[in-house]
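First residue of the sequence shown: 1, per the numbering used here; consecutive thereafter.
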Amino acid sequence: MDSPLQDMLPRLDEIDRVIAQGPYQDTWESLSRWKAPDWFRDAKFGIFLHWGLYSVPAYANEWYSRNMYIQGMDQFEHHVKTYGPQKDFGYKDFIPLFRAEKFDPEEWLSLFSRAGARYIVPVAEHHDGFQMYKSAVSHWNAYEMGPKRDIVGELSQKAAEKGLINGASSHRAEHWWFMGNGKNFESDVHEPLKRGDFYWPAMPEPNQMDIHSEPCPTEEYLCDWLIRTAEIIDRFRPRILYFDWWLIHASFRPYIRKLAAYYYNRAAEWGFVPVIASKYDAFLFGSTLPDVERGQFASVKPYAWQTDMACALNSWCYTEQNVYREPASIVQDLVDIVSKNGNLLLNVGPKADGTIGPEDTAILEGIGRWLQENGEAVYFTRPWKRFGEGPTEIREGFFTDGEKKQFTSRDFRFTQKGDHLYVTALHPDQQGRYCVTSLAQKEAPSQMDFTGLIASVESLENGAPVPFTRDEQGLHLFGPARTDDYPTVFRVTLG
Numbered sequence: 001m002d003s004p005l006q007d008m009l010p011r012l013d014e015i016d017r018v019i020a021q022g023p024y025q026d027t028w029e030s031l032s033r034w035k036a037p038d039w040f041r042d043a044k045f046g047i048f049l050h051w052g053l054y055s056v057p058a059y060a061n062e063w064y065s066r067n068m069y070i071q072g073m074d075q076f077e078h079h080v081k082t083y084g085p086q087k088d089f090g091y092k093d094f095i096p097l098f099r100a101e102k103f104d105p106e107e108w109l110s111l112f113s114r115a116g117a118r119y120i121v122p123v124a125e126h127h128d129g130f131q132m133y134k135s136a137v138s139h140w141n142a143y144e145m146g147p148k149r150d151i152v153g154e155l156s157q158k159a160a161e162k163g164l165i166n167g168a169s170s171h172r173a174e175h176w177w178f179m180g181n182g183k184n185f186e187s188d189v190h191e192p193l194k195r196g197d198f199y200w201p202a203m204p205e206p207n208q209m210d211i212h213s214e215p216c217p218t219e220e221y222l223c224d225w226l227i228r229t230a231e232i233i234d235r236f237r238p239r240i241l242y243f244d245w246w247l248i249h250a251s252f253r254p255y256i257r258k259l260a261a262y263y264y265n266r267a268a269e270w271g272f273v274p275v276i277a278s279k280y281d282a283f284l285f286g287s288t289l290p291d292v293e294r295g296q297f298a299s300v301k302p303y304a305w306q307t308d309m310a311c312a313l314n315s316w317c318y319t320e321q322n323v324y325r326e327p328a329s330i331v332q333d334l335v336d337i338v339s340k341n342g343n344l345l346l347n348v349g350p351k352a353d354g355t356i357g358p359e360d361t362a363i364l365e366g367i368g369r370w371l372q373e374n375g376e377a378v379y380f381t382r383p384w385k386r387f388g389e390g391p392t393e394i395r396e397g398f399f400t401d402g403e404k405k406q407f408t409s410r411d412f413r414f415t416q417k418g419d420h421l422y423v424t425a426l427h428p429d430q431q432g433r434y435c436v437t438s439l440a441q442k443e444a445p446s447q448m449d450f451t452g453l454i455a456s457v458e459s460l461e462n463g464a465p466v467p468f469t470r471d472e473q474g475l476h477l478f479g480p481a482r483t484d485d486y487p488t489v490f491r492v493t494l495g
């Protein structure tokens with residue numbers, strides 16, 4: 001009897017060959033030689049894209065495909081009421097309804113460019129198992145079904161034309177158990193299921209944070225995951241590859257080492273240094289980029305990192321119930337994150353027809369207007385000796401973006417570039433009066449007068465000189481009056 005891996009062996013052999021012949025091996029010692037590249041540290045701001053079959057029901061969130069099969073959940077009841085019993089209308093039946101008839105990658109990328117983004121990360125495959133690209137691994141993809149378009153391929157091509165760096169995201173790991181609840185009652189998720197089927201393997205749902213939870217993914221599933229991810233790498237050559245959390249499961253360890261070595265070696269062939277963004281130390285610290293989902297760090301870090309958060313507080317995909325953030329609050333988070341050596345990956349959830357809704361558009365346009373005037377304090381900068389000052393505390397950790405921060409005109413963040421120090425007040429003062437205590441005269445040695453080191457101060461908002469004085473209390477700035485909530489930025493030139 002043939003092994004279930006038999007047909008995968010040529011591709012697995014190719015992965016091993018690339019690892020054997022490249023500069024990186026599939027060991028933590030070798031992978032820890034990776035360093036975050038300057039292109040990533042310079043870019044600061046990217047766009048995440050959750051778009052797929054879950055955009056069709058547009059209800060609750062992007063976990064609709066799981067929750068519609070859990071009896072007693074709101075999505076289960078909504079599905080039966082709206083579409084009928086799951087045995088008659090299952091998740092797969094959304095595929096013909098996902099037409100994307102208004103999808104225009106040129107329009108999307110123009111909007112992202114106006115927003116000031118420097119890279120994009122579309123979800124290539126979410127937990128539901130539907131690939132958003134042309135694939136040789138599975139027929140359940142957007143090129144052969146639904147829109148019948150290579151979504152990720154088109155975005156990748158258009159990003160290059162627009163000067164944006166392309167990335168991709170894989171959430172395939174969670175598919176091991178994501179559809180498993182559909183086997184608990186009469187639905188269209190039923191045995192026999194085999195590799196290549198849309199719902200396969202639909203295993204019982206584990207404790208999602210238990211790294212040894214049973215049943216463990218099989219060798220067949222893990223090899224399938226590895227091959228699918230390698231296909232994304234080879235087809236699109238993404239500069240950044242994002243993974244969701246379930247790679248923490250112990251069974252993935254040897255496979256994620258192989259994947260990282262394969263990716264880093266491929267990128268070396270192609271002439272760039274890539275980024276793997278991962279969570280919860282799924283990879284050994286230092287071998288990839290730490291990512292903080294819907295949260296941030298409380299202080300500056302000596303290493304590059306990334307936050308991924310969304311325009312909507314309640315969902316990553318478009319839903320009719322989305323609760324959207326104010327663009328000014330996202331800009332405040334962006335400035336805070338950059339001051340601490342991080343990047344912001346901001347998610348947008350397009351509608352099923354391929355349009356980006358007015359709420360997301362307004363947010364992106366608002367961010368873009370601010371960056372157009374103040375981006376000098378963001379792009380290509382590095383942290384200063386202090387990330388900031390002020391009374392408002394940032395709670396560190398995941399899933400804290402729903403906590404509204406009441407920033408004041410005494411909350412400052414600092415970045416630097418060349419002989420410029422950028423001082424950003426996270427909330428403007430209506431009279432334009434500021435005191436930066438980190439630049440007080442008392443910060444200088446007692447025998448020296450350091451006032452002369454500040455050659456000039458200008459407002460990035462309008463380029464006008466800003467009068468200032470300096471004493472034992474701080475650097476006093478007399479800037480433009482503002483009544484909105486967007487941060488205000490001062491360029492301090494050191495002489």
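Beta carbons are placed, not taken as given, at the ideal position from N, Cα and C, and that holds for glycine.
With respect to the 8 Å criterion, residue 290 and residue 49 are not classified as neighbours on the basis of their beta carbons. Of the candidates 402, 454, 66, the residue whose Cα lies closest to the Cα of residue 294 is 402. Beta-bridge partners of residue 168 (DSSP): 241. Taking a C-beta distance under 8 Å as the contact criterion, residue 236 and residue 173 do not qualify as a contact pair. Contact annotation: the segment 373-382 does not touch the segment 78-89, with fewer than three C-beta pairs closer than 8 Å.
Closest in alpha carbon position to residue 328, among 428, 414, 286, 72, is 428.
By DSSP's assignment, residue 399 forms no beta bridge with any residue. The bridge partners DSSP lists for residue 305 are 342.
The beta carbon of residue 390 is closer than 8 Å to those of 407, 408, 410, 411, 412, 426 in its chain, skipping five residues each way along the sequence. If you draw a straight line from the Cα of residue 382 to the Cα of residue 344, it is about 14 Å long. By the Cβ-count criterion, residue 100 is buried, with 16 or more other Cβ atoms from all chains shown falling within 10 Å of its own Cβ. Annotated as distal: residue 260 and residue 248, with beta-carbon spacing of 8 Å or more. When DSSP states are grouped into helix, strand and coil, residue 278 belongs to the strand group. Going by DSSP, residue 81 is part of the alpha helix (DSSP H) stretching over 74-83. Counting along the chain, residue 384 sits inside the beta strand (DSSP E) bounded by residues 382-389. Under the three-state reduction of DSSP, residue 265 is assigned to helix.
With contacts defined as CB atoms closer than 8 Å, residue 268 and residue 37 fail to qualify as a contacting pair.
Under the DSSP assignment, residue 133 falls outside any beta strand (DSSP E); it carries neither an H nor an E label. Ranked by Cα distance from residue 481, the options 464, 475, 492 are led by 464.
By the C-beta criterion, the segment 117-128 is judged to be in contact with the segment 145-160, since at least 3 inter-stretch pairs fall below 8 Å. In the same chain as residue 175, and ignoring 5 residues on each side of it, the C-beta atoms closer than 6 Å to its own belong to 127, 129, in chain order. As computed with DSSP, residue 488 is found in a beta bridge with 425. Membership of residue 196 in any alpha helix (DSSP H) is not indicated, and neither H nor E is assigned to it by DSSP.
Assignment of residue 366 by DSSP, reduced to helix, strand and coil, places it in the helix class. Excluding sequence positions up to five before and after residue 227, its CB lies within less than 8 Å of the CB of 8, 11, 12, 15, 137, all in the same chain and listed in chain order. When C-alpha distances from residue 265 are compared across 30, 3, 434, 4, the shortest belongs to 30. Per DSSP, residue 476 is one residue of the beta strand (DSSP E) stretching across 475-478. The alpha-carbon separation between residue 434 and residue 216 amounts to approximately 57 Å.
Partner residues in the beta bridge of residue 49, as assigned by DSSP, are 122, 348.
Bridge partners of residue 417 according to DSSP: 420. When only Cα atoms are considered, residue 305 and residue 187 end up about 42 Å apart. Within the model, the alpha-carbon separation for residue 183 versus residue 71 is close to 11 Å. Short of 6 Å from the beta carbon of residue 370, and not among the five residues preceding or following it, lie these beta carbons of its own chain, in chain order: 331, 486. For residue 171, the CB contacts under 7 Å within the same chain, skipping 5 residues up- and downstream, are 123, 125, 126, 127, 244 in chain order.
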